[in-house]
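In my numbering, the protein residues as written are 1 to 231. Just so you know, even glycine gets a beta-carbon here, dropped at the ideal spot from N, CA and C. Here the structure is laid out as C-alpha cells; the discussion comes afterwards.
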C-alpha cells in the first residue's frame, strides 16, 4: 500500500511516522508513506499557499494552485507506473465520521492520497474537482488536518496484513464487530489486593472466549448502546 500525505506543515506529520507500528510497517515494505509539503508546489516568489477568503471573514484559506499541482503530479506518477490512485481523502469536520468499518474498507486500497487542511480550510474548487472522499475523525475542530491525517493513517495501516505481529490482534480490536473490547490483564496475578478473574487463569480457552464475549457485550451495553442493533 502507498499513502501520500499532503500538508502545509510536513514536520508535524513526519515525526510520528518514524515510530512504532507505522515505522515497522514501512521497514517491512508493507506500506510506503510519503509526505509532501504543499509549499513545495507554490510557484510565486514568496511560495504563498494561503490567502484571505473572498467575501471577507476571519482566517486564511489554502490556495488551489499548489494543491492541484501536487495531486496532479501524483496522478501522473501513478499513471506512469501503470497504477491509479484509489481515493483522494480530505480531512474535514463536515466529512463522514470515521469508524472501524471505514478503516477496514480503506485498508484494502492500494494507493491513497490524504489531504490535511489547515487555517480556515481549502479552496472549495479543490474539493469539487479532486477530492473523492471527505472524512471527519469526530465532532470537534482542531488547528489543522495533520493530526486527523495521522489518526486515519494509523488506523488503516495496522489493518494491512503482516503489519501486526499477531495476525488476530487487529481482528479483536474494539469496534471491529461493533462491540467494545473486553478487559485485559497481565502479570502479576495479584496486585494491591486486586486479582485477575479466575477464568483467565484456568487455561480453558472455551470458557475464556465465552467470558470475553460476555464482557464485550456488557461493556458495550453500558458505554456505547448505540453500537448495538436489534438483529
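Item                                                                                                              : Value
Outcome for residue 25 when other beta-carbon atoms lying within 10 angstroms are tallied against a minimum of 16 : buried
C-alpha gap between residue 104 and residue 2, whole angstroms                                                    : 16 angstroms
Backbone secondary structure at residue 90 - three-state DSSP                                                     : strand
Expected contact under 8 angstroms - CB spacing of residue 5 and residue 35 to nearest Å                          : 5 angstroms
Delimiting residues of the alpha helix (DSSP H) encompassing residue 126                                          : 124 to 129
Extent of the continuous beta strand (DSSP E) run through residue 37                                              : 32 to 37
Helix, strand or coil at residue 98 according to DSSP, with G and I counted as helix                              : coil
Rounded distance between the beta-carbons of residue 127 and residue 90, thought under 8 angstroms                : 6 angstroms
Residue range of the alpha helix (DSSP H) that includes residue 79                                                : 64 to 80
Coil, strand or helix - residue 178 by DSSP                                                                       : coil
Rounded separation between residue 226 and residue 94 - CA only                                                   : 21 angstroms
Counted within 10 angstroms of its Cβ, other Cβ atoms place residue 98 as buried (16 or more) or exposed          : buried
Minimum C-alpha distance to residue 152 - residue among 77, 22 and 18                                             : 22
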